[in-house]
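According to the working numbering, the residues represented by the sequence shown are 705 to 1152, in order.
Shown next, in C-alpha cells, is the structure this report addresses.
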Amino acid sequence: MMSLNARIILAASLVLAIFLVLTGIALDQAFRESARAAREERLQGQLYLLIAAAEVNAAGHLSMPQQLQEPRFGQPGSGLYATIADGKGKTRWRSPSALNVALPAEAMLAAGKSTFSELPGISGTDYFVYRMGVNWSEGRRNFAFTFSVAENLSAFHAQLARYRRSLWVWLGGMAILLLLAQGMLLRWGLRPLRTVAQEIHAIEAGEKELLSGTYPAELSALTGNLNGLLQRERGQLQRYRDALGDLAHSLKTPLAVMRGALSEQSRESPSTLAVTVAEESEKMQHIVDYQLQRAATAGPASPLAAPLPLGPVAEQIIASLGKVYHDKKVSAQLHIDPALDFRGDRGDLLELLGNLLDNAYKWCNTRVEVRAGAKAGHLTLTVEDDGPGIPVEEAERILQRGVRADQSTPGQGIGLAVATSIVQAYGGEIRISTSPLGGARITVQLSG
705 MMSLNARIIL AASLVLAIFL VLTGIALDQA FRESARAARE ERLQGQLYLL IAAAEVNAAG
765 HLSMPQQLQE PRFGQPGSGL YATIADGKGK TRWRSPSALN VALPAEAMLA AGKSTFSELP
825 GISGTDYFVY RMGVNWSEGR RNFAFTFSVA ENLSAFHAQL ARYRRSLWVW LGGMAILLLL
885 AQGMLLRWGL RPLRTVAQEI HAIEAGEKEL LSGTYPAELS ALTGNLNGLL QRERGQLQRY
945 RDALGDLAHS LKTPLAVMRG ALSEQSRESP STLAVTVAEE SEKMQHIVDY QLQRAATAGP
1005 ASPLAAPLPL GPVAEQIIAS LGKVYHDKKV SAQLHIDPAL DFRGDRGDLL ELLGNLLDNA
1065 YKWCNTRVEV RAGAKAGHLT LTVEDDGPGI PVEEAERILQ RGVRADQSTP GQGIGLAVAT
1125 SIVQAYGGEI RISTSPLGGA RITVQLSG
C-alpha cells in the first residue's frame, strides 16, 4: 500500500498541477485580451492621424501628403497598412507600405461607425483591421469614405509566443519550488508519526516500556491510548506470571502432605488416608480456582472501550442471588445513579460485584444495601448487610485467600480475596468497616 507521505504528495501534486494549468490558461487569456486591446487602441490613434492628414476638394477628390506621421506607412512590407475607400467601395488610396499586399476586402461603414476585428487576407495572412466610416462635407456636397488601418498578426503572435514561453517557464519553476517546499513541510509535519513508529519499534525490541516523546495535540490522545494499552497488557502478563508462580508455590504444601500420607499409609487406616487426600485435594482445587480467577482479571479497559452501566449489572446479580438464597427472603436495596458507568472489563465487574454481594447475602439476616457514586474521578461502591459483621482485627485477614470468618459456613474462602485482586488490578482499594445496619460494610474505590 502507498505510504501516507506518498499519498499526500501525489494528491497535492495533482491539485498543484491543475491549479497551475488553470492559472496559466487564465493569465494567457488575460494577456491576449490586453495585447489585443492595446493594438486596437494604437490602430485607432493611427487612423485618426490619417483622417487628420486627408484632404478632399469640391469634386470629391481625395489627396494624402507624401510623408505621414507614422513612418511605417511609407515602408513597403512594414506590416502596417492603410487604405481609403469611397462610398462605392472603390479604393481611392493605399499607403506605400500596402503596395503588392493582398489586404482584406474593403467594407463600407456608415459615418461615425467603427469596427475592430481579425480578418484573413486574400493570400491567407491574418490582419488586425480597424475601420471607421467618415462623411466628408465640402460645400454643399457630402462624400462618404471608409478609412482602414491593418496590421499583420505575425508580430502579435510572436509577442504571444514569447509571453507564453516566459509564463510556463516561471510557472514550472514555481511548481518545482512549491513541491520542494511541500515535501519539506510534509516531512516536518509527519515527523511525530515517524517518532511514534521508532518508539514502538524500541518497545518491541525491549529497549523502552512506554511512549515517552512529546507529541502535538492531535497525537497526544493516540499515544496516551497506546500507553494505556501497553500498561494494561503488561499488567495482564505480570498477573499471569504471578499467578503461575503462586500456584506452584501454593501447591507444594498440599502435595507434601499427600506424599507424607501415602508414605505412612501402612500405619494409617484407609479411611484416614482417604480423608487426608480429600481435604488436600479440596485445598488444591481452591488454590487452582483462586489463581485462575486472579490471572483472568482483565484490569483497566482501554480508553476506547464502551462504558458499562453499573445499575443493570447489579440488578442482574441480585436477581440471581435472590434465587440462590430464596429461603432467607433477603430485602436488597439499590442506590445507584442510572447514568453511572464502569470503565473496564464486564467479566471483572460481574466477578467483583458477584463476590461482594454473595458475601453479603451469605452473612446477612434479611437486609442488603448497595450504593454507588462517582466523585473527583473515582467510582465508589459500597455493599452493606445486617449480619454479624466483621471484627476490625479480622478485616485484613478476611481479604486473604482461603480465609473465612466462620469455618462452619460452607465456601472456599476465596471470594473476597478475588475481589481484592480485581480491585488492585484497577489501581483501587477495598476497605471493611461496620455498617449502620449492624453488619459489615465493604467499600471499594476505583480510579477513573
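Glycine included, C-beta positions come from ideal geometry on N, C-alpha and C.
These numbers come from a predicted model, not from an experiment.
Going by C-alpha positions, Ser707 is about 48 Å away from Ala1123.
Judged by their CB atoms, Gly887 and Glu903 are not nearer to each other than the 7 Å cut-off.
Taken in chain order, the whole alpha helix (DSSP H) runs of length 4 or more contained in the segment 877 to 916 are 895 to 908. Residue state for Val760 is assigned as strand, using DSSP reduced to three classes. Straight-line spacing of the CA atoms in Leu754 and Gly828 works out to 26 Å.
The segment 861 to 874 makes no contact with the segment 778 to 788: fewer than 3 CB pairs, one atom from each, lie closer than 8 Å. Apart from sequence neighbours up to five positions away, the residues of its chain that approach Arg796 with a beta-carbon distance below 8 Å are Leu766, Ile788, Ala789, Asp790 and Phe849, ordered along the chain. In terms of CA proximity to Val853, Glu822 leads the group Ala1078, Glu737 and Glu822. Separation of Ser782 and Ser717 (C-alpha to C-alpha, rounded to the nearest whole angstrom) is 47 Å. A straight-line Cα-Cα distance of about 36 Å links Ala1080 and Leu948. For the segment 1045 to 1091, the continuous alpha helix (DSSP H) assignments of 4+ residues that do not extend past its boundaries occur at 1050 to 1067, in sequence order. Cβ atoms of Tyr1130 and Gly1048 come within 8 Å of each other, at about 6 Å. Bounds of the alpha helix (DSSP H) holding Pro1016 are Leu1014 to Val1028. Short of 6 Å from the beta carbon of Asp1090, and not among the five residues preceding or following it, lie these beta carbons of its own chain, in chain order: Cys1068, Asn1069, Arg1071, Leu1141, Gly1142 and Gly1143. Between the alpha carbons of Gly1015 and Glu922 lies a gap of roughly 35 Å.
The continuous alpha helix (DSSP H) containing Arg1101 extends over residues Val1096 to Ile1102. Of the other Cβ atoms in all chains shown, 16 or more fall within 10 Å of the Cβ of Thr1086; this residue is therefore buried.
Within the segment 760 to 831, the runs of beta strand (DSSP E) that reach at least 3 residues and sit entirely inside it are, in chain order, 784 to 790, 795 to 798 and 818 to 824. Distance from Arg835 to Leu857 at the Cβ level is roughly 16 Å; contact not present, criterion being Cβ atoms closer than 8 Å. Taken through DSSP and simplified to helix, strand or coil, Val1034 comes out as coil. Between Ile1134 and Val1127, the CB-CB gap stays under 7 Å. Residue pairing for Val725: DSSP places it in no beta bridge.
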